[in-house]
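Worksheet: the structure to be examined is printed underneath.
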Amino acid sequence: MTVTRIFRRLVQIGLGLILLWVGAVFWLGLLYWAVPPVSTLMLGRWLTLQPVERDFVRLDEISPSLPLAVMTAEDSRFCDHNGVDWDALWDVVEAADEDGPSRGASTIPMQVAKNLFLWPSRSYVRKGLEIPVALYLDLIWSKRKMMEVYLNIAEWGDGVFGAEAAAQKYFRKSAKNLTRQEAALMARALPNPLVRNPARPRPGHRALAGQLQARMERAAPFSDCLKP
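So the numbering used here is basically just the index in the sequence shown, starting at one, shifted up by 1.
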């Protein structure tokens with residue numbers, strides 16, 4: 002087999018894998034309307050026989066304080082954009098270091114795209130793939146559905162996924178009964194869930210949560226998309 006034929010074969014395989022991934026995104030995006038979604042981190046833990054704590058709940062079974070806290074902390078323009086906050090993304094890309102764009106460039110739909118279909122390590126390639134997936138998911142899902150999925154697949158500790166499992170682990174209560182302070186502590190744990198413990202916050206974590214509670218008051222009028 003000549004080098005040219007080998008190259009063509011590799012290109013064909015690559016295109017086939019891309020089409021397979023695109024098809025998976027398309028059909029799973031539709032399927033996850035009715036079926037509880039599974040993140041790539043969960044799949045990885047199951048495949049390596051590691052435990053996963055997760056209990057899927059609907060958005061109306063979660064304290065309204067938590068989606069408000071998460072929106073305020075992670076994606077303040079969640080109700081306004083179409084899946085991608087282009088201005089914020091451009092600002093972060095311009096300021097990015099050689100390791101790639103930071104978490105600050107990601108909207109909630111982009112984080113959902115990453116958690117469901119991509120890998121966790123930072124890179125411009127992953128960020129570039131997040132964008133079309135986020136736009137697609139924002140097109141087929143409501144904002145409430147997007148938030149519901151995010152709150153059920155987000156990592157909140159080693160093997161702890163979703164708001165219900167996290168609320169039970171850290172506060173021994175259902176996510177529906179979280180207080181505003183507890184919601185703020187959980188939201189501020191998201192950027193570093195393996196280090197930040199909502200039940201035993203360090204001074205910096207506690208200070209960030211306190212600031213977030215004040216911001217939540219101001220953000221509440223702009224959270225209509227989270228209402229039933």
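C-beta atoms are modelled at their ideal positions from N, C-alpha and C, and glycine is treated no differently.
Residue i versus residue j - alpha carbon distance
i	j	result
residue 38	residue 63	17 Å
residue 166	residue 141	27 Å
residue 121	residue 41	9 Å
residue 123	residue 151	19 Å
residue 159	residue 194	8 Å
residue 34	residue 182	31 Å
residue 80	residue 211	23 Å
residue 228	residue 47	34 Å
residue 186	residue 6	57 Å
residue 3	residue 45	38 Å
residue 221	residue 164	20 Å
residue 134	residue 208	34 Å
residue 226	residue 213	20 Å
residue 108	residue 175	26 Å
residue 89	residue 106	6 Å
residue 83	residue 22	22 Å
residue 54	residue 173	14 Å
residue 168	residue 137	30 Å
residue 127	residue 56	28 Å
residue 91	residue 184	29 Å
Assigned secondary structure, residue i (DSSP; H/G/I helix, E/B strand, else coil)
i	result
residue 223	helix
residue 162	strand
residue 127	helix
residue 55	strand
residue 63	coil
residue 82	coil
residue 195	coil
residue 23	helix
Cβ neighbour criterion (16 or more within 10 Å) applied to residue i
i	result
residue 218	exposed
residue 116	buried
residue 153	buried
residue 66	buried
residue 49	exposed
residue 180	exposed
residue 19	exposed
residue 76	buried
residue 143	exposed
residue 191	buried
residue 30	buried
residue 51	exposed
residue 171	buried
residue 86	buried
residue 61	exposed
Range covered by the alpha helix (DSSP H) that runs through residue i
i	result
residue 66	66-75
residue 46	41-48
residue 186	181-190
residue 145	144-154
residue 110	109-118
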